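Report on one structure; see the data block that follows.
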Amino acid sequence: MSEMKKIKFEANMILVAAIVALSALIFLASVAAFVLGKRPGMNLRKSDPAGVEQIKGADKNLKAFKEFGTLRIIAMPDESDAENKNGAVLVVTPWLSYEGDDSAFYEELVSRKRLFTSFFVEYFSSKTKNALLSIGEKKIKEELLDLFNSELRLGELNALYFDDYIFLD
Numbered sequence: 029m030s031e032m033k034k035i036k037f038e039a040n041m042i043l044v045a046a047i048v049a050l051s052a053l054i055f056l057a058s059v060a061a062f063v064l065g066k067r068p069g070m071n072l073r074k075s076d077p078a079g080v081e082q083i084k085g086a087d088k089n090l091k092a093f094k095e096f097g098t099l100r101i102i103a104m105p106d107e108s109d110a111e112n113k114n115g116a117v118l119v120v121t122p123w124l125s126y127e128g129d130d131s132a133f134y135e136e137l138v139s140r141k142r143l144f145t146s147f148f149v150e151y152f153s154s155k156t157k158n159a160l161l162s163i164g165e166k167k168i169k170e171e172l173l174d175l176f177n178s179e180l181r182l183g184e185l186n187a188l189y190f191d192d193y194i195f196l197d
C-alpha cells in the first residue's frame with residue numbers, strides 16, 4: 029500500500045510542477061509581449077474610427093450612437109449570375125456621430141432606431157452587390173445620412189460610419 033501512495037504522490041508532484049511551469053511560461057510570454065508592444069491582430073483591416081474621439085479634427089462635444097449592432101442583409105441577386113439565385117450577404121456594423129449632450133436628441137435617435145434599421149435593410153437589399161460596390165461606401169453613407177437627417181426633428185447627425193462592411197459570398 030505504501031508503494032501505491034508513493035506513486036500517487038510522485039504523479040501529483042509531476043502534475044503540480046507541470047502546472048507551475050506552464051503558468052510561468054504564459055506569464056513570461058505575456059510580460060514579454062507587453063514590454064515589446066506586440067499585440068496579436070495589429071495588422072487587421074482598419075475600420076472606421078471606433079469612437080468619436082478618434083475622428084480627425086473632431087469637436088470634443090461629439091457623441092456616438094452605436095445601438096444598431098451588426099446587421100446581416102441580403103443584397104438583391106445579380107441577374108448576370110445565373111448560378112447564384114440568392115444575393116450576397118452584407119455584414120455591416122453602422123454607427124452615427126452627433127454633436128452635444130442633448131438627451132432629447134438621443135431619445136429621438138433611440139426612438140427611431142427601428143426606422144433607421146429598416147432604412148439600412150431597404151437600401152442594401154434593393155441593390156445588387158456589384159451596384160453597391162460601384163456606388164462606393166462614401167456615396168452610400170452620404171445617401172443614408174441624408175435620409176436619416178430628413179427624419180430627425182431635434183437635431184442633426186454629423187456622420188455615418190461602418191465598423192464592418194463585408195460581403196459574404
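Going by this note's numbering, the first residue of the sequence shown is number 29, and it counts up by one from there.
C-beta: ideal position from N, C-alpha, C; glycine also.
The structure presented is a predicted model; accordingly, all values stated were derived computationally and were not measured.
CB-CB length for residue i against residue j, believed under 8 Å
i	j	result
residue 165	residue 190	7 Å
residue 159	residue 125	Not really, about 27 Å apart at Cβ, beyond 8 Å.
residue 184	residue 138	Actually they are not in contact, since the Cβ atoms of residue 184 and residue 138 sit about 16 Å apart, beyond 8 Å.
residue 188	residue 169	5 Å
residue 89	residue 127	6 Å
residue 116	residue 197	6 Å
residue 133	residue 182	5 Å
residue 153	residue 104	6 Å
residue 101	residue 114	Contact flag wrong, Cβ pair sits at about 12 Å.
From the options, residue whose alpha carbon lies closest to that of residue i
i	options	result
residue 108	45, 131, 156, 59	156
residue 195	137, 173, 118	118
residue 148	97, 63, 131	97
residue 136	179, 39, 35	179
residue 141	123, 131, 45	123
residue 120	131, 47, 151	151
residue 175	162, 143, 161	143
As assigned by DSSP and simplified to three states, the class of residue i
i	result
residue 107	coil
residue 62	helix
residue 186	strand
residue 91	strand
residue 38	helix
residue 72	With a pLDDT of 48 at residue 72, under the threshold of 50, the modelled position of that residue is not reliable, and no figure is offered here.
residue 156	strand
residue 147	helix
residue 192	strand
Residue range of the alpha helix (DSSP H) that includes residue i
i	result
residue 133	131-139
residue 118	Unbroken run through residue 118 is the beta strand (DSSP E), 117-127; no alpha helix (DSSP H).
residue 175	165-179
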